[in-house]
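Written below as structure tokens is the structure these notes are about.
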């Protein structure tokens, strides 16, 4: 993968990239505008080593089937 701090040149049109990012953002916001959309406590549950800002509210540790860590 890429090395931290590595400067790379991206051969793409900045306006097209910005439009694509905007389109994806608008679609994501629209998902949460839907009253039937569930708010998932963890977007990537397979990355359990990363503690989320709202894990305590979702009671992730309490409901976790696996071990949470050696010190807890």
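Residue numbers (our numbering): 275 to 346. Note that CB positions come from ideal geometry on N, CA and C, so glycine has one too.
Beyond the five residues adjoining it in sequence on each side, residue 282 comes within less than 8 Å, by CB distance, of 276 in the same chain, given in chain order.
By a beta-carbon distance limit of 8 Å, residue 300 does not contact residue 315. Their separation comes to about 24 Å. When DSSP states are grouped into helix, strand and coil, residue 286 belongs to the coil group. Beyond the five residues adjoining it in sequence on each side, residue 338 comes within less than 6 Å, by CB distance, of no other residue in the same chain.
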